[in-house]
Amino acid sequence: TMLGVITTDARVTSDVWRKMVQVAVNRSFNQITVDGDTSTNDTVIALASGLSGLDCISSLDSDEGIKLQACLDAVMQGLAKSIAWDGEGATCLVEVSVSGANSEAEAAKVARSVASSSLAAIYGRDPNWGRIAAAAGYSGVSFHQDLLRVELGDILLMDGGEPQSFDRRGRDAASSYLRKAGESHDTVRIQISVGNGPGRGQAWGCDLSYDYVKINAEYTT
Amino acid sequence: VSTTENHASSHIPAAPIFLPEGPWNQIPGGVAAAEGFKATGIYGGLRAKGEKPDLALVTCDVDAVSAGSFTTNVVAAAPVLYCKRILDISNTARAVLTNAGQANAATGKEGYQDMIECVESLAKLLKMKPEEILVESTGVIGQRIKKGALLKSLPTLVNSLSSSVEGADSAAVAITTTDLVSKSVAIESLVGGTKVRVGGMAKGSGMIHPNMA
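Top line first, the protein sequences correspond to chains A and B.
To convert, note that position 103 of the first sequence is 103 in the working numbering; the numbers rise steadily by one, no gaps.
To convert, note that position 94 of the second sequence is 315 in the working numbering; the numbers rise steadily by one, no gaps.
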């Protein structure tokens, strides 16, 4: 279960606040995954006191509305990423960025599909571009596979749908990128391009480790 | 039974927060950083084991415009059903009560009634109307909340409310379950020439694949 409580002293009308909060939730908490289990209790509650002295925001598209939305997105993304970073048994945060989709929603869907895949390969420190391509492929978003580009950190694994020739040095570099991230509980960045569209999105997850199974085997209802 | 807030942050460390770049500064204070908000977290004897704080409260001095996003899992916990009903009938709220240890999910009518009793008791102490109080629960599914221990802890909970960083930090610890770190952040930014603060706390480590609406 994830819970969130968000507070602000901005002044904002009820309907604008409710829309703003759902947009921010879609760009943050609804883009994280640890084990694919949607809880019975997931809740985010957001309260605006209006005590900052700011004039009341009554439109999402006003300059103030756009700025408050950006602040809300930032706070919720910061918290959402810390949940994925702290996934049960996790050794690293996995950040998946997708570009080139037809829309933000499609990019977000591809990103979450990759982050949700049991990329046990990450825990095995194996730069397995095939699993990443497959997870993008079954996301439900259609794209031309010969436009698919996959990078792990700044190491190009796949371009134009073709796996990059991967000599031993390249493979070792990719594995050590994953190992370093795991040793320092850092972030593994996966960048994917699926075409030339304007849509961009991100999702966050973590690697699947033996500890995840152990923790959950002992957490009995 | 209840301990005060200042033991909270000694239980688990704070998570590193990876904020996206933008025209804001990170400030301390989490949910209590914004004007008008107070928070606290205490040990109320709700958890199955250990003495980590397990009861949190966030309040607002004025009627705060409220919004919520909830699980789309059709097996929804009592607090989820309750909050959706409250948000349907009211645009504002004054407080959020959170208990950790029992999810109060799949607990039927009794589970729902347990929560209502806790809300009504807290409303009296805060001198608010029950419908001004929202509720979140997390923990083992299928177990009813330890209502007696929760009710007994409410006076100490209300008396330990503060707008301090410690209050916010202790609330962030009190909402955790299997988390290894607490999650809390606040930022300050200029909106329309006015300094505005946005803060928050979250929990979560397992059973994480939110689809909230």
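Where is the CB? At the ideal position from N, CA and C, for every residue including glycine.
In this text, all values refer to a predicted model and were calculated from it rather than measured experimentally.
Cβ of residue i within 7 Å of any chain B Cβ
i      : result
A/I83  : yes
A/V5   : yes
A/G170 : no
A/G160 : no
A/D9   : yes
A/E218 : no
A/T91  : no
A/S39  : yes
A/K67  : yes
A/F29  : yes
A/Q22  : yes
A/E64  : yes
CB contact flag (residue i, residue j, <7 Å)
i      : j      : result
A/A70  : A/V96  : no
B/V283 : B/A260 : no
B/I354 : B/A344 : yes
A/C206 : A/L79  : no
A/M2   : B/P274 : no
B/A269 : B/I396 : no
B/G251 : B/A370 : no
B/T415 : A/G53  : yes
B/D400 : B/S426 : yes
A/Y219 : A/G89  : no
B/I366 : A/T40  : no
B/V402 : B/I233 : yes
B/S405 : B/M422 : yes
A/V110 : A/V141 : yes
A/V5   : B/V386 : no
A/Q77  : B/P241 : yes
B/N246 : B/E352 : no
A/L60  : A/V16  : yes
A/V34  : A/G100 : no
B/G243 : A/A74  : yes
A/G199 : A/E104 : yes
A/E182 : A/T38  : Residue identity differs from the one stated: residue 182 of chain A is Gly in this sequence, not Glu. No. Outside cutoff.
A/G201 : A/F143 : no
Chain-ordered chain B contacts of residue i [CB-CB under 8 Å]
i      : result
A/G53  : T415
A/I215 : T399 and G427
A/S117 : The premise fails here: A/S117 is roughly 12 Å from chain B at the closest Cβ pair, so nothing lies under 8 Å.
Within-7 Å CB hit, residue i to chain A
i      : result
B/V295 : no
B/K367 : no
B/M349 : no
B/E226 : Because B/E226 carries a pLDDT of 43, less than 50, the predicted location of this residue cannot be relied on, and no value is offered for it.
B/K424 : yes
B/T359 : yes
B/L240 : yes
B/A269 : no
B/H232 : no
B/G262 : no
B/A256 : Residue identity differs from the one stated: residue 256 of chain B is Glu in this sequence, not Ala. Taking Cβ atoms only, chain A reaches closer than 7 Å to B/E256, which makes this a yes.
B/I362 : yes
B/I396 : yes
B/V340 : no
B/A236 : yes
B/V279 : yes
Cutoff 7 Å: residue i Cβ touching any chain C Cβ
i      : result
B/N312 : Among the protein chains of the structure shown, namely A and B, there is no chain C.
Neighbouring residues, chain A, relative to residue i (Cβ below 8 Å)
i      : result
B/K404 : L79, S82, I83 and D86
B/G300 : Note that residue 300 of chain B corresponds to Pro in the displayed sequence, not to Gly. Those are N41 and T43, listed as they occur along chain A.
B/T319 : L3 and V5
B/A420 : Note on identity: in this sequence residue 420 of chain B is Gly, with Ala being the wrong assignment. Simply I6, T7, T8 and V75.
Under 7 Å by beta carbon: chain B residues contacting residue i
i     : result
A/V25 : S290 and M433
Contact set between residue i and chain A, taken where Cβ atoms lie within less than 7 Å
i      : result
B/V252 : V5 and T7
B/L355 : I45
B/R306 : Within 7 Å Cβ-Cβ: nothing; B/R306 doesn't reach chain A, min ~13 Å.
B/G388 : Here the premise fails: no neighbours, minimum Cβ distance about 12 Å.
B/A324 : T1, T40 and N41
Interface partners of residue i on chain A, CB under 9 Å
i      : result
B/A344 : Result: empty, since nearest Cβ-Cβ is about 16 Å, beyond 9 Å.
B/S287 : S14, W17, R18, I45, A46, L47 and A48
B/S410 : K67, L68, A70, C71 and A74
B/G243 : A70, C71, D73 and A74
Interface residues of chain B facing residue i [CB-CB closer than 9 Å]
i     : result
A/G36 : I429 and H430
A/I32 : G425, I429, H430 and P431
Near the ligand MN: residue i beta-carbon under 6 Å from a heavy atom
i      : result
A/S209 : In terms of ligand content, the structure shown is empty, and the ligand MN therefore cannot be addressed.
Assess, as a yes-or-no matter, whether the stretch 247-258 of chain B is touched by the stretch 358-378 of chain B under the definition of 3 or more beta carbon pairs within less than 8 Å.
A contact between stretches requires three or more CB pairs, one per stretch, nearer than 8 Å, and the stretch 358-378 of chain B fails this requirement with the stretch 247-258 of chain B.
Touch test, the stretch 76-89 of chain A against the stretch 293-300 of chain B, Cβ-Cβ under 8 Å, three pairs minimum:
Flag = no, the stretch 76-89 of chain A and the stretch 293-300 of chain B do not touch.
Whether or not the stretch 190-201 of chain A and the stretch 146-165 of chain A are in contact is what I'm after, with contact meaning three or more pairs of Cβ atoms, one per stretch, closer than 8 Å; do they touch?
Yes, the stretch 146-165 of chain A touches the stretch 190-201 of chain A.
Quick test of the definition: if touching needs 3 or more C-beta pairs under 8 Å, does the stretch 310-327 of chain B touch the stretch 358-370 of chain B?
Judged by Cβ distances under 8 Å, the stretch 310-327 of chain B makes contact with the stretch 358-370 of chain B, as three or more pairs qualify.
Beta strand (DSSP E) runs wholly inside the stretch 172-201 of chain A, at least 3 long, in chain order
The stretch 172-201 of chain A contains these whole beta strand (DSSP E) runs: 187-193.
Kindly provide the ranges of any alpha helix (DSSP H) runs that are 4 or more residues long and lie completely inside the stretch 297-335 of chain B, ordered along the chain.
Here the runs fully enclosed are 299-310.
Does the count of Cβ pairs from the stretch 7-14 of chain A and the stretch 33-51 of chain A closer than 8 Å reach three?
They touch, by the three-pair rule.
With a floor of 3 residues, list each beta strand (DSSP E) that falls wholly inside the stretch 349-420 of chain B, ordered by position along the chain.
You should have 354-361 and 404-412.
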